[in-house]
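Before any comments, here is the structure.
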Amino acid sequence: MCELPYEPSEWAVFSCVMDRPAQAEDVGPGGAVFAQSGAAAVAQNLTLPRPIIWISDDGERRAGLVVQAELHTNDPNTVVLGVVEPSGQDSVMLLDEATLLDEPSDEWFRLARAIANSEKAAQ
Numbered sequence: 006m007c008e009l010p011y012e013p014s015e016w017a018v019f020s021c022v023m024d025r026p027a028q029a030e031d032v033g034p035g036g037a038v039f040a041q042s043g044a045a046a047v048a049q050n051l052t053l054p055r056p057i058i059w060i061s062d063d064g065e066r067r068a069g070l071v072v073q074a075e076l077h078t079n080d081p082n083t084v085v086l087g088v089v090e091p092s093g094q095d096s097v098m099l100l101d102e103a104t105l106l107d108e109p110s111d112e113w114f115r116l117a118r119a120i121a122n123s124e125k126a127a128q
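Okay, structure coming up:
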């Protein structure tokens, strides 16, 4: 399991919730980002962790790791992702709002290192 914040080069060893929906007790550093209530929660079949790139609300390209993927309890055609940035900041987003990568790309490493370096500078 990676400690938060994490180094981008350690992406593959990040702890994730796979093969089952996250429970409230899973939410926290290195586990899950969210827990859907009710018995209808279903884990999405994805190998995790997975690098991801998305555009934030302010138009900035961001990079992080998908540590959780579940079908939306109210829409089984929608995949909800729990994402953690190298800074430790977590986000919940829809799969169709981002680019899911099989392996980190040069762009992913560049963005992730920029996030990690800005976190170190802020300390």
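Heads up: the sequence shown begins at 6 in our numbering, then just goes up one per residue. For every residue, glycine included, the Cβ atom is placed at its ideal position computed from N, Cα and C.
| Item | Value |
| --- | --- |
| Could you tell me if Q73 is buried or exposed, where buried requires 16 or more neighbouring beta carbons within 10 angstroms of its beta carbon? | buried |
| Sort P81, L76 and P54 by Cα distance to E108 and report the nearest one. | P54 |
| Which residues does DSSP pair with G64 in a beta bridge? | None, per the DSSP bridge assignment. |
| For the candidate residues C21, S92, E112 and W59, whose alpha-carbon lies nearest to that of I120? | S92 |
| Using the beta-carbon count (16 or more within 10 Å), is R25 buried or exposed? | exposed |
| Quick one: which unbroken beta strand (DSSP E) runs of 3-plus residues sit fully inside the segment 77-115? Chain order, please. | 80-89, 95-99 and 103-105 |
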